[in-house]
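**Q** After the structure tokens below, expect a handful of questions from me.
Protein chains: 2
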Amino acid sequence: MRLTVYTDYSLRVLMFLALKGDGLATIAEIAKAYGISKNHLMKVTHQLGLAGYVEKVRGKGGGMRLSRMAEVIVLGEVVRRTEPDMALVPCFALGDTSCAILSSCALRVTLFRARDAFLSALDGTTLADLVRPRAPLQSLLSLRPGGRAPPRIARPVRRA
Amino acid sequence: MRLTVYTDYSLRVLMFLALKGDGLATIAEIAKAYGISKNHLMKVTHQLGLAGYVEKVRGKGGGMRLSRMAEVIVLGEVVRRTEPDMALVPCFALGDTSCAILSSCALRVTLFRARDAFLSALDGTTLADLVRPRAPLQSLLSLRPGGRAPPRIARPVRRA
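Same order as they appear, the protein sequences are chains R and C.
Take the first sequence: its position 31, counted from the start at 1, is 31 in the working numbering, and no numbers get skipped.
Take the second sequence: its position 151, counted from the start at 1, is 1151 in the working numbering, and no numbers get skipped.
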């Protein structure tokens, strides 16, 4: 049982933006922080924009940020949007008639119930919950609390 | 979110065998009933044998049957065995270090909890539950209740 790479990346982008706070983030910055491809992220962030989670600011110094508070972004809702159909088995898809026992199948009903239990568990968590505590996550992603640049420490110059 | 084809087929084979009752079933018969490939089913039934769900009787007139009562075959256990690793995201796999925030990630913990909710929902269902009521499922799979052959009705012979 796997979530798509697309869902995985979407959730990680949202976490990055929640940790970035008010600052704008670029695709290059997110790609570097997680060590993943910029090309993949372009599609992911475009879709997150269409879904209303992310807004983009164009131009020099531009980038993206969350368009809603992290407290109202519910994990279950994001996964329902990013997973193409949540079809655990082919017969979940509308109009599928490939299985002989479809019309009387208790397995299908049971799997539907289990999928709902999965999503319900995610409905209890918001994006804000995922980024607590902030400091260690910001550190791992090379983000500084409050978006401030780290203090610059001059290296002692070695003389030859 | 998808289960593997292998899990899907495994569950359907077990349902077929539970509906077949004491009779032996062949791969050809199961493949025909569901309209799926015999080659796929050979691997599936071999693994179900290794997992102790199915036993084979060799020789002419041989075939396979459940090696346990359907009432003690728990759906959640079967899925845990047939799904390769239940790794919703790559970082579920042991030893994976591909994500920068792994050490402090609440998303991973939340997804683990959701996966457990999914499996717990399946733990409440046995194979016996999946094949009730038997008659319509047996009919859809061209199995006759009790394993008896259907009454043969002589066709009127047309004379040229």
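Just so you know, even glycine gets a beta-carbon here, dropped at the ideal spot from N, CA and C.
Predicted, not measured: the structure shown is a model, and the values here were computed from it.
Exposed or buried, what is L1094/C when buried is set at 16 or more other beta-carbons lying within 10 Å of its beta-carbon?
**A** Exposed, since its Cβ has fewer than 16 Cβ neighbours within 10 Å.
**Q** Are the C-beta of A25/R and some C-beta of chain C separated by less than 9 Å?
**A** So no, A25/R is outside the interface.
**Q** Give the straight-line distance between the Cα atoms of L1122/C and L1050/C, rounded to the nearest whole angstrom.
**A** When rounded, the distance between both Cα atoms is 22 Å.
**Q** Please check if any C-beta of chain R sits within less than 9 Å of the C-beta of L1017/C.
**A** It does not: the Cβ of L1017/C has no partner Cβ on chain R nearer than 9 Å.
**Q** Could you run through the stretch 1029–1050 of chain C and flag, in chain order, every residue whose CB is less than 8 Å away from some CB of chain R?
**A** Cβ contacts with chain R come from A1033, Y1034, G1035.
**Q** Beta-carbon within less than 7 Å of E1071/C's beta-carbon, same chain only, minus the 5 sequence neighbours each way: which residues are those?
**A** Taken in chain order, the residues that qualify are T1126, A1128.
**Q** Between V57/R and chain C, is any beta-carbon pair separated by less than 9 Å?
**A** No, V57/R lies away from the interface with chain C (no Cβ there is under 9 Å from its Cβ).
**Q** Check the C-beta distance from M1064/C over to A1100/C and give it rounded, since I have them as a contact under 8 Å.
**A** Not a contact, Cβ separation roughly 48 Å.
**Q** Beta carbon of L3/R, beta carbon of V1089/C: below 9 Å?
**A** The answer is yes: Cβ separation under 9 Å.
**Q** Can the beta-carbon of F118/R be found closer than 9 Å to that of R1108/C?
**A** The answer is no: Cβ separation not under 9 Å.
**Q** Quick one: measure Cβ to Cβ for V1054/C and Y1006/C, integer angstroms, because I've assumed they're closer than 8 Å.
**A** Not quite, the Cβ-Cβ distance comes to about 14 Å (not below 8 Å), so this is no contact.
**Q** Considering only the alpha carbon of each residue, which of A87/R, I73/R, I27/R, R80/R lies closest to R58/R?
**A** Checked all of A87/R, I73/R, I27/R, R80/R; the closest Cα to R58/R is I27/R.
**Q** Which residues of the stretch 67–82 of chain R have a Cβ closer than 7 Å to any Cβ of chain C? Give them in chain order.
**A** Going along the stretch 67–82 of chain R in chain order, one finds L75 with a Cβ nearer than 7 Å to chain C.
**Q** Is the CB of V89/R under 9 Å away from at least one CB in chain C?
**A** So yes, V89/R belongs to the interface.
**Q** Work out the CA separation of M1086/C and A87/R for me, nearest whole Å.
**A** Going from the Cα of A87/R to the Cα of M1086/C covers about 16 Å.
**Q** Between the alpha carbons of S67/R and D1096/C, how many angstroms are there, rounded?
**A** Rounded to whole angstroms, S67/R to D1096/C spans 32 Å at the Cα level.
**Q** Does R144/R come within less than 9 Å of chain C when only Cβ atoms are used?
**A** Output row for R144/R: interface = no.
**Q** Could you work out which residues of chain C lie near S103/R, taking near to mean beta carbons separated by less than 9 Å?
**A** Within chain C, the residues near S103/R are P1136, L1140.
**Q** How many whole angstroms separate the CB atoms of I1030/C and F1016/C, which I take to be in contact at a CB cut-off of 8 Å?
**A** About 5 Å; that satisfies the 8 Å criterion.
**Q** Apart from the five residues on each side of it in sequence, which residues of its chain come closer than 7 Å, Cβ to Cβ, to L1143/C?
**A** So the list reads L1019, K1020, once near-sequence residues are dropped.
**Q** Does any CB atom of chain R fall closer than 9 Å to the CB of L1094/C?
**A** Judged by the 9 Å Cβ criterion, L1094/C is not in contact with chain R.
**Q** Hey, does M1086/C have any beta-carbon neighbour from chain R nearer than 9 Å?
**A** Cβ-Cβ to chain R under 9 Å: yes for M1086/C.
**Q** Which partner residues of E55/R appear in the DSSP bridge assignment?
**A** BP columns for E55/R point to R65/R.
**Q** So that I know if they touch, is there some Cβ in chain R lying closer than 9 Å to that of M1064/C?
**A** Output row for M1064/C: interface = no.
**Q** Does DSSP classify V1131/C as helix, strand or coil?
**A** Coil, per DSSP.
**Q** If the cut is a Cβ gap below 7 Å, which residues of chain C does T125/R touch?
**A** What T125/R touches in chain C: T1110.
**Q** Closest Cβ-Cβ distance between V1054/C and chain R: below 9 Å?
**A** Closer than 9 Å: no.
**Q** Determine, using beta carbons only, whether L1137/C and S104/R come nearer to each other than 9 Å.
**A** Going by C-beta atoms, L1137/C is nearer than 9 Å to S104/R.
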